[in-house]
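Below: the structure, in structure tokens.
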Amino acid sequence: MTVRTRRPEKIGIRARLGGMVETEERQQALLTVLFIGTIVIVAIILIGALSLGWYNDNLRPVGKVGSQEIAPQMLRDKTSLERWRIARDENLITQAQIAGTLDSATANSKTTALDSQSSNLATTALDSLVDDIYQSQLAPANGVNITDADIDARFQKEISDPEQRHVYAVAIEPQAADATNGPTTAERQTALDQANLALADLNAGKDFAEVARTYGTDAKSQAGGDLGEQTQLTISDDAFGTQLFNMQQGGTTQVVLGGDGIYRIGHVTEITPGAVNEKLKSDLLDNVSEQSVRQLLGFQIGAENLQAKITNDALAQTPEQVKLAVIYIEGLSSGDANTADGEIDYSEIVFAPGNNLDTAPDLPADDPAWAAAKTEADAVFAQLQAITDVTERTTKFTDIATTNSDDPTSQAGGAVGFVTRDIPPTAVSDALWNGTFTKGDVIGSIKGDAGYYVLMFNERRASPEDRVKQVQDALAQPNADFNALAKQFSDGPEAADGGEIGWLTKDSLSADISDKIWALAVGGVSDPLELGGQGQYFIKVEDKATRPLDPNQQATTRQNAFTDWYKSLRDQAVTDGTITTVTPLSSADATTGGGDGTTP
């Protein structure tokens, strides 16, 4: 008898898997394995995210200038250095104001500038750092080299109390006959002539106090010009302060035109260096390492010295210049038939129904808001009509327009300016163009689509085409006097000076007209030239000469020479990849190192 063993039944995969979880213990084991696996995966993701964040915050460059990479930490250090400087200078301003060496107006102006610098720092720090680095790289090729001694000296200056200088100054302010419009070209030239005489007397050895009393126009000058001990921060005008603190003891500045329009000459008799302030030093190094500070200072010194080199080279030039006078005709020739009726300058006060210009056109004519607006307009018109003095009436009109008008022109005291007939609402145009008025007449109340208008007539003039033709005809007369015609026809502020605008270099003229002006002989007058999209100029060349820059031109050169020189170089560096940057860090990132760094 044959004994056969029983073959096991085939068990499918579902049955085998089912067997694995038949018991509660097996189920729990599987869940534990799955849970651990999930934790491992989450941990890997978190570690990856943290690693990426750390890389972005500390290693990933936010820019590159030549071979110099800008790491996030360098940008944070730049931002911290600038914030430390702002805090330091704000404290010095407060101390100077308390000590009485800085008046409140100047202190407020300087503090406002620092506040603006601070609020913009998060968005300007990267560009500023890029410029410092690139300019320091350009410096050697332009004869500017920075040494370790230069960096040591600057570091000591940064962490020291401010240097003090005993300063004498004579200030000569142009005297404007028209306080509203300010000094004319001739009035500024008179002040400059006085400043040049003062400088000549000082160079001849005359006593500074005597010269200050002779030529100065302010109380300090009249008292001898002794300003006492000053820091650079306490000098009211920044351009003047820079000149004073860049010269040697015993030196005298040239004539300096300040940003406030005042001509000044300064003299320094004593220099007291500032001592190292350990509190300043510790505050700085608590936030930025000394190594990083020195690196940033090296970039900045190279940039500053390059700027000074380029600017001083420009100031030293004696270029060919032309002395010009102009007749300016405001408005552009359009050929539009609407200009045939000329232009009218007027002001307006607008009373809209419900004080809303946007909804007024859709209101029914019998809506009570229209009647209320008319009542307001009629009352204001009657109030203004009752004022017989034109100056007083004009002042009152401006006040009411500023506070009560529902039109955006209220921001300009109701002033609309010169317009052609097609610009205002039809009812307003008809009232202005169909009547005969003199300056200061009030007109009203006039119903327009969006409200009731009270108007003040200021002036009527011919169209730009007609006024240009008038000038052309007048200039064509034998022995035409250009300066007299400028006083008669010019719409520019230089009209009072017979159109005189002084000496200009070729570079200071816009490229589209410089060749045309230089082609004119002395005494020649150009055809009308459109400039700035606002009007046309007749330009006369009164003289030509090769001459040094005068103080007015020097002020412009100090402001623009380096920027004009550098712009094309920087643009090219961006184009060819010498300068590359990514989106700058956010405000929080730039100051604290948080966030995800930069985004390409």
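The sequence shown finishes on residue 632 if you use my numbering, and the numbering steps up by one all the way, no holes. Note that beta-carbon positions come from the ideal geometry of N, C-alpha and C, so glycine has one too. Note that this is a predicted model, so its numbers are computed, not measured.
Three-pair Cβ contact test at 8 Å for the stretch 400 to 416 versus the stretch 327 to 342: Segment contact: the stretch 400 to 416 against the stretch 327 to 342, fewer than three CB-CB distances shorter than 8 Å; contact not assigned.
Nonlocal neighbours in the same chain, by C-beta distance under 6 Å from residue 142, ignoring five residues either side: Here the question's residue 142 lines up with position 110 in the sequence shown. Cβ neighbours of residue 142 beyond the five flanking positions: 125.
Residue 69 in three-state terms, based on DSSP: For the purposes of this step, residue 69 is taken as residue 37 along the sequence shown, with counting starting at 1. Residue 69 falls in the helix class under three-state DSSP.
Collapsed DSSP secondary structure at residue 286 in the structure displayed: By one-based count along the sequence shown, residue 286 stands at place 254. If DSSP states are grouped into helix, strand and coil, residue 286 belongs with coil.
Environment of residue 402 [buried if 16+ CB atoms lie within 10 Å]: Position 370 of the sequence shown, counted from the first residue, corresponds to residue 402. Classification for residue 402: buried.
Distance between residue 454 and residue 504 (C-alpha atoms, nearest Å): Taking the first residue of the sequence shown as position 1, residue 504 is located at position 472. Taking the first residue of the sequence shown as position 1, residue 454 is located at position 422. Using only the alpha carbons, I get a separation of about 27 Å.
Own chain, CB closer than 6 Å to residue 227, minus 5 neighbours either side, in chain order: Working through the sequence shown from its first residue, we reach residue 227 at position 195. For residue 227, where only same-chain residues beyond five positions count, the Cβ hits under 6 Å are 204, 287 and 295.
Start-end ranges of the alpha helix (DSSP H) lying completely within the stretch 493 to 576, minimum 4 residues: 496 to 507, 514 to 521 and 543 to 550
Range covered by the alpha helix (DSSP H) that runs through residue 273: For the purposes of this step, residue 273 is identified with residue 241 of the sequence shown, where counting begins at 1. It spans 270 to 276 - the alpha helix (DSSP H) in which residue 273 sits, taken as one unbroken run.
Own chain residues within Cβ distance below 6 Å of residue 528, not counting five before or after: Translated into the one-based positions of the sequence shown, residue 528 becomes position 496. Answer for residue 528: 216, listed in chain order.
Bridge-paired residues (DSSP) for residue 258: Along the sequence shown, read from residue 1 onward, the residue named residue 258 stands at position 226. Bridge partners of residue 258: 200.
For residue 379, the residue or residues it bridges with in DSSP: Within the sequence shown, residue 379 is the residue found at index 347, counting from 1. Residue 379 pairs with 447 and 488.
Residue 313 versus 210, 98, 187 and 475, residue with shortest Cα-Cα distance: On the sequence shown, residue 313 is found 281 positions in, with the first residue counted as 1. Measuring from the Cα of residue 313, the nearest candidate turns out to be 187.
Proximity of residue 195 and residue 263 at Cβ, strictly below 8 Å: In the sequence shown, the residue the question calls residue 195 occupies position 163. In the sequence shown, the residue the question calls residue 263 occupies position 231. Contact flag set, yes.
Chain C contact for residue 379 (CB, 8 Å cutoff): The structure shown contains no chain C; it is built from a single protein chain.
Buried versus exposed call for residue 608 [16 or more other C-beta atoms within 10 Å across all chains shown]: Locating residue 608 in the sequence shown gives position 576, where the first residue counts as 1. Classification of residue 608: exposed, given that the 10 Å Cβ count is below 16.
Counterpart residues of residue 101 in DSSP-defined beta bridges: Residue 101 sits at position 69 when you count from the first residue of the sequence shown. Beta-bridge analysis with DSSP links residue 101 to 96.
Residue interval of the beta strand (DSSP E) (run including residue 304): Mapped onto the sequence shown, residue 304 falls at position 272. Residues 295 to 304.
Buried or exposed (CB count within 10 angstroms, at least 16 for buried), residue 102: Translated into the one-based positions of the sequence shown, residue 102 becomes position 70. Flag for residue 102 reads buried.
Segment contact, 8 Å Cβ cut-off, at least three pairs: the stretch 588 to 599 with the stretch 337 to 352: yes
Three-state class that DSSP yields for residue 208 in the structure shown: Counting from 1 along the sequence shown, the entry for residue 208 is found at position 176. Residue 208 falls in the coil class under three-state DSSP.
6 Å Cβ shell around residue 573 - same chain, five flanking residues per side excluded: By 1-based counting over the sequence shown, the position of residue 573 is 541. For residue 573, where only same-chain residues beyond five positions count, the Cβ hits under 6 Å are 354, 552, 554 and 556.
Residues near residue 379 in its chain [Cβ-Cβ closer than 8 Å; skip 5 each side]: Locating residue 379 in the sequence shown gives position 347, counting from the first residue. Around residue 379: 429, 430, 433, 441, 445, 446, 447, 448, 487, 488 and 490.
For residue 174 and residue 600, the rounded distance between their alpha carbons: Here residue 600 refers to the residue found at position 568 of the sequence shown. Here residue 174 refers to the residue found at position 142 of the sequence shown. Roughly 16 Å between the two C-alpha positions.
Nearest-angstrom Cβ-Cβ length linking residue 201 and residue 273, presumed shorter than 8 Å: Counting from 1 along the sequence shown, the entry for residue 201 is found at position 169. Counting from 1 along the sequence shown, the entry for residue 273 is found at position 241. The Cβ separation is near 11 Å, so there is no contact.
Reference residue 537, options 531, 546 and 95, closest by Cα: What you label residue 537 is simply residue 505 of the sequence shown in a count that begins at 1. Closest by alpha carbon: 546.
Residue 230 beta carbon less than 8 Å from that of residue 247: Sequence index remark: in the sequence shown, residue 247 carries index 215 (1-based). Sequence index remark: in the sequence shown, residue 230 carries index 198 (1-based). Their beta carbons are under 8 Å apart, which means residue 247 touches residue 230 by this criterion.
Closest by C-alpha distance to residue 498, when choosing among 363, 73, 329 and 326: Reading the sequence shown from its first residue, position 466 is the one you call residue 498. Selected option, being the one with the closest Cα: 363.
Which residues DSSP lists as bridging residue 361, in chain order: Here the question's residue 361 lines up with position 329 in the sequence shown. In the DSSP output, where bridge partners are listed per residue, residue 361 has 568.
Length of the line joining the Cα atoms of residue 72 and residue 63: In the sequence shown, counting from the first residue as 1, residue 72 sits at position 40. In the sequence shown, counting from the first residue as 1, residue 63 sits at position 31. The alpha-carbon atoms of residue 72 and residue 63 are separated by roughly 14 Å.
Backbone secondary structure at residue 136 - three-state DSSP: Indexing the sequence shown from 1 puts residue 136 at position 104. Helix at residue 136.
Alpha-carbon to alpha-carbon, residue 69 and residue 179: Taking the first residue of the sequence shown as 1, we reach residue 179 at position 147. Taking the first residue of the sequence shown as 1, we reach residue 69 at position 37. Straight-line measurement puts the Cα of residue 69 at about 59 Å from the Cα of residue 179.
For residue 158, the nearest candidate out of 140, 122, 450 and 104 (CA to CA): Numbered from its first residue, the sequence shown carries residue 158 at position 126. Checked all of 140, 122, 450 and 104; the closest Cα to residue 158 is 104.
Same chain only: Cβ atoms within 7 Å of residue 182, ignoring 5 sequence neighbours per side: Numbered from its first residue, the sequence shown carries residue 182 at position 150. Hits under 7 Å: 333.
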